[in-house]
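Using the numbering used here, you'd call the opening residue of the sequence shown number 1 and step up by one each time. Notes for the one structure printed next.
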Amino acid sequence: MSSVQIGLLMVLGISTFGFITLAVDLLRTRRKQR
1 MSSVQIGLLM VLGISTFGFI TLAVDLLRTR RKQR
């Protein structure tokens, strides 16, 4: 694998991880509001 492919994989992993954490936070806030 080239350094470019490794960089893209890292960006994808970080973006997916951040998206999951945001979704969990949104679900928690919705449950608290109810």
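Using N, Cα and C, we set each Cβ at its ideal position, and we do this for glycine too.
Just curious, the alpha helix (DSSP H) that Arg30 is in, first and last residue?
-> Per DSSP, Arg30 belongs to the alpha helix (DSSP H) from Ser3 to Gln33.
Distance between Ser3 and Val24 (C-alpha atoms, nearest Å) | For Val24 and Ser3, the distance between alpha carbons rounds to 32 Å.
Have a look at Gln33 and Ser15 and give me their C-alpha separation to the nearest angstrom.
-> Going by the C-alpha atoms only, they are around 27 Å apart.
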